[in-house]
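The structure appears right after this line, and notes come after that.
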Amino acid sequence: MRDFTFKTYKKLLEQILASGYDIQRFDDFILSPKDKVVILRHDSDIWPNNDLIMSEVENTLNVKSTYYFRVPETFNALIIKKINNSGHEIGYHYEELARHNGDYEVAIKSFEEKLNQLNSIAKITTFVRHGRPLSKVESLDLWKKYDYKKYGLIGEPYLDVDYNKVLYLTDNGNKWNSNKTNIRDKVNVDNNFDINSTFDLIQHFKNGLLPNQIILNIHPARWNNNYIIWTYRFFLQKTKNIAKILLNMIRNKK
Ligand SMILES: [Zn+2]
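Residues in the sequence shown are numbered consecutively from 50, following the numbering used here.
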């Protein structure tokens, strides 16, 4: 069985539920976190159609998750509405400060505009920063100067979660434990799990090896049932991983 297909994704969800975890949207987790819970945080970086397919897989198991959309890159009103209508949370995947080269005033104005655009389709209360590996500007810094609560927002996964308590795993780099290759969607806490595939992750759930609260950062665009696209991306990712390891080594030397 190939990894990172929607079929494998469904198997993962089934195991999470079989292991006695609840699955919560990020907004619900912020408001009233369950004790034994998995949060599915989806970053929509490209190809919103994949978000729709992933949400439909979740619908078959009555699972609710959170989809963060970029504006304008993955802003597709029809798809966003469809996903939202089946009970999933919609959030904003922002990158204003990096996009505007550290200009705070332009960035906050743009943030407001784009948030409004999304809000016209679905009520937005949580948001998460899109990581740009080649930018030196950190978009999270916008909140050192401004207060996001002013916009009706209640939570940002990089700012409002204690990763000493909540395990964070990301599919970045086509594996699950990729702190070596992950520049983009990293949290500040390292974990000791060695999980190299989704099958591995499923096994960890099955054996009860994981803590009670977990956030899975999943990029729907990385998941596919199409063999040709899958093969192409698999090899592209291998090349990218090597490049990222080198980039991380250079950065760590500084
Ligand atoms: Zn992103």
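The beta carbon of each residue, even a glycine, is placed where N, CA and C say it ideally should be. Quantities reported herein were computed from a predicted structural model and do not represent experimental measurements.
Using the C-alpha atoms, what's the distance from residue j back to residue i?
{"i": "residue 149", "j": "residue 59", "result": "38 Å"}
{"i": "residue 79", "j": "residue 297", "result": "32 Å"}
{"i": "residue 154", "j": "residue 275", "result": "43 Å"}
{"i": "residue 273", "j": "residue 135", "result": "21 Å"}
{"i": "residue 100", "j": "residue 91", "result": "8 Å"}
{"i": "residue 112", "j": "residue 57", "result": "16 Å"}
{"i": "residue 263", "j": "residue 214", "result": "9 Å"}
{"i": "residue 124", "j": "residue 165", "result": "12 Å"}
{"i": "residue 269", "j": "residue 188", "result": "22 Å"}
{"i": "residue 85", "j": "residue 265", "result": "14 Å"}
{"i": "residue 178", "j": "residue 205", "result": "8 Å"}
Once DSSP output is grouped into helix, strand and coil, what is the label at residue i?
{"i": "residue 142", "result": "strand"}
{"i": "residue 169", "result": "coil"}
{"i": "residue 244", "result": "coil"}
{"i": "residue 216", "result": "strand"}
{"i": "residue 258", "result": "coil"}
{"i": "residue 29", "result": "Because the chain in this structure spans residues 50 to 303, residue 29 falls outside the shown range and cannot be described."}
{"i": "residue 238", "result": "coil"}
Per DSSP, residue i forms a beta bridge with which residues?
{"i": "residue 178", "result": "143"}
{"i": "residue 118", "result": "93, 141"}
{"i": "residue 204", "result": "175"}
Please return the same chain residues whose Cβ sits closer than 6 Å to the Cβ of residue i, not counting the five positions on each side in sequence.
{"i": "residue 246", "result": "52"}
{"i": "residue 299", "result": "none"}
Please list, in chain order, all residues of the same chain as residue i whose beta carbon is under 7 Å from its beta carbon, the five residues on each side excluded.
{"i": "residue 192", "result": "208"}
{"i": "residue 259", "result": "216, 253"}
{"i": "residue 142", "result": "92, 93, 117, 118, 119, 177, 179"}
{"i": "residue 69", "result": "85"}
{"i": "residue 190", "result": "146"}
Closer than 8 Å by C-beta to residue i: which residues in its own chain qualify, once you throw out the five before and the five after it? Chain order, please.
{"i": "residue 65", "result": "72, 87, 254"}
{"i": "residue 226", "result": "218, 240, 242, 243, 244, 245"}
{"i": "residue 132", "result": "100, 101, 104, 116, 139"}
{"i": "residue 257", "result": "68"}
Q: For the region 65 to 112, list the beta strand (DSSP E) runs that are entirely contained and at least 3 residues long, ordered along the chain.
A: 71 to 73, 86 to 93
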